[in-house]
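Notes for the one structure printed next.
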Amino acid sequence: MSTPDLLIVGSGLFGLTIAERAVAEHGARVTLIDRRPHLGGNAYSEVDPVTGIEVHKYGAHLFHTSNPRVWEYVRGFTDFTGYQHKVYTTHQGVVYPLPINLGTINQFFQAAYSPAEARALITEQAGELAGTDPENLDEKGISLIGRPLYEAFIKNYTGKQWQTDPKDLPASIISRLPVRYTYDNRYFSDKYEGLPAQGYTAWLERMADHPNIEVQLETDYFDDSQPLNKEAVRGNIPVVYTGPIDRYFDYQQGELGWRTIDLETEHHEVGDFQGTSVMNYADVEVPYTRIIEPRHFHPERDYPTDRTVIQREYSRFAESGDEPYYPINSGSDRETLLAYRELSDAEPRTLFGGRLGTYQYLDMHMAIGSALSMADNKLPDLLRA
Ligand code: FAD
Ligand code: NA
């Protein structure tokens, strides 16, 4: 194997975008390594063998963006369906639409408020703690939308996401709780939205489908027994690294905090388990946060009518060995991150990118947008050095 012009660690959407740009704009020969047995990072999906239904292996992935450059870029690799995401929540045995909107409010208060009446009611209820500074998540939530709606729809769901009583969670976890005074319950308000028509994996594989891109799976950058390992490569070959930044530096400044999720997959002998793709569970008595039924992501497909697959989703703090998903971003995490940023700025011929490499929650369109910026601004110098 000859030495590549660029090594990319991690084949998620960040690494794939860098690989594709390095080839298209610089004619570079790229090797893309990933320690997992498949490419695509967390956006990867696979066909469930029992039902033939496409299942998002690492949790529900909905594509949406208002960035015209990203939208044009992704459509170079896949068509998108017209899917528009909607979420419902079950509270005390009743189903309500989310995000909290006029439909939720009128159903909850058994009323027929106009937009102005609902707004006046929520403003009054949110005034309960007026004049005080919220000291925890409970107080913050009440000050934003009032106690009744906060306690029904936000409090226990958020508590389950963090596995922590909301009175022990910092107020800073939420800065706003959107309430819509219309019946619009489209989840995303971005200009463009849809799901890859032939599935995520077809899209992701297409990005790497070029003779100049060599993909090596089950290959860990920190495994000295494979030739493209950190010790051998560092300073010799240009690298874009999209793995966890703390791992890169052997956790010398401490471990960054993450949340992770667990998914429990179940098959049912019915054509439709819950009538929608995502049902949240707002109450503390139900241990999971939500149920995903992937068939509803693709109503246009011919899926079997006598079988379905669901995923129950549980949320918790990540421990060593877990997949890191959502940065916790506590005050001490932010200090740790600054220390790692200094180290990474000094790291020879290595750029850090993506969700894990920058310790930032990035939606797919943000990961792609940020990789396109890196390709514009930093890749030419990296490849020239
Ligand atoms: P990743 O996809 O995490 O890819 C990083 C890759 O690096 C992984 O494949 C990993 O195996 C590899 N790697 C790490 N360390 C090493 C190593 N030492 N050696 C080799 N390889 C390594 N975005 C949306 O737009 N909509 C959604 O609905 C949505 N839902 C999400 C739900 C969940 C549960 C999660 C976790 C994310 C979700 N996202 C969603 C975000 C989306 O997955 C990210 O934008 C995208 O994954 C970011 O890509 P990335 O390349 O930065 O990271
Ligand atoms: Na660097």
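No gaps in the numbering here: position 232 of the sequence shown is 232 in full-length UniProt numbering, and each next residue is one more. Virtual Cβ for every residue (Gly too), placed ideally from N, Cα, C.
Check, Outcome
"Span of the alpha helix (DSSP H), counted from its first residue to its last, around Thr156", "Per the sequence shown, residue 156 should be read as Asn rather than Thr. That run of the alpha helix (DSSP H) goes Asn156 to Trp162."
"Any non-hydrogen atom of ligand 1 within 6 angstroms of residue 400 CB", "As shown, the chain starts at 1 and ends at 385. That puts residue 400 outside it, with no answer to give."
"Closer than 6 angstroms: Ala9 CB and nearest ligand 1 heavy atom", "According to the sequence as given, residue 9 is Val; it is not Ala. Within the cutoff, so yes."
"Residues that Leu98 bridges to, as DSSP identifies them", "Val87"
"Through-space distance from Thr51 to Gly369, alpha-carbon basis", "35 angstroms"
"Per-residue burial, Phe317 [other beta carbons within 10 Å of its own, 16 or more giving buried]", "exposed"
"Where Ser66 falls: helix, strand or coil (DSSP)", "coil"
"Member of Gly357, Gln274, Pro68 and Asp333 whose CA lies at the smallest distance from the CA of Arg295", "Gln274"
"Whole-Å CB distance - Val240 paired with Ile8, under 8 angstroms assumed", "5 angstroms"
"Contacts around Ala197, its chain only, beta-carbon distance under 6 angstroms, and the 5 residues preceding and following it disregarded", "Asp79 and Thr81"
"Spatial distance of Met207 from Leu32 (CA atoms)", "12 angstroms"
"Closer than 6 angstroms: His61 CB and nearest ligand 1 heavy atom", "yes"
"The segment 252 to 260 touching the segment 269 to 287, judged by at least three CB pairs closer than 8 angstroms", "no"
"Whole-number beta carbon distance between Gly12 and Thr242, since they are thought to touch under 8 angstroms", "6 angstroms"
"Three-state secondary structure (DSSP) of Pro166", "helix"
"Contact test: residue 389 Cβ vs ligand 1 heavy atom, cutoff 6 angstroms", "What is shown of the chain runs 1 to 385, which leaves residue 389 out entirely."
"As assigned by DSSP and simplified to three states, the class of Arg180", "strand"
"First through last residue of the beta strand (DSSP E) which encompasses Phe14", "Phe14 -> not in any beta strand (DSSP E); alpha helix (DSSP H) instead, spanning Leu13 to His26."
"Alpha helix (DSSP H) runs wholly inside the segment 116 to 155, at least 4 long, in chain order", "137 to 145"
"According to DSSP, residues forming a beta bridge with Trp258", "Pro327"
"Coil, strand or helix - Gln107 by DSSP", "helix"
"Straight-line Cα distance separating Thr201 from Tyr73", "17 angstroms"
"The segment 11 to 28 contacting the segment 263 to 270, beta-carbon criterion three pairs below 8 angstroms", "no"
"Delimiting residues of the beta strand (DSSP E) encompassing Asn42", "It is not in any beta strand (DSSP E) - Asn42 carries neither H nor E in the DSSP assignment."
"Beta-carbon separation (whole angstroms), Glu231 vs Gln84, contact threshold 8 angstroms", "Between Gln84 and Glu231 the Cβ distance is about 48 angstroms, and since that is not below 8 angstroms, they are no contact."
"Strand pairing of Gln216, partner residues [DSSP]", "Ile33"
"Arg234 CB to nearest heavy atom of ligand 1 below 6 angstroms", "no"
"Contact under 7 angstroms by Cβ, Ile328 with Gly257", "yes"
"Bridge partners - residue 398, DSSP secondary structure assignment", "Summary: the structure shown does not reach residue 398, with the chain confined to residues 1 through 385, and so no result is reported for it."
"Member of Phe188, Glu20, Ile237 and Asp363 whose CA lies at the smallest distance from the CA of Leu372", "Glu20"
"Counted within 10 angstroms of its Cβ, other Cβ atoms place Gln110 as buried (16 or more) or exposed", "exposed"
"Where the beta strand (DSSP E) containing Asn377 begins and where it ends", "Counting along the chain, Asn377 falls outside any beta strand (DSSP E), though it belongs to the alpha helix (DSSP H) covering Met364 to Asn377."
"Sub-7 angstroms separation of Asn67 and His365 beta-carbons", "yes"
"Heavy atom of ligand 1 within 6 angstroms of Arg206 beta-carbon", "no"
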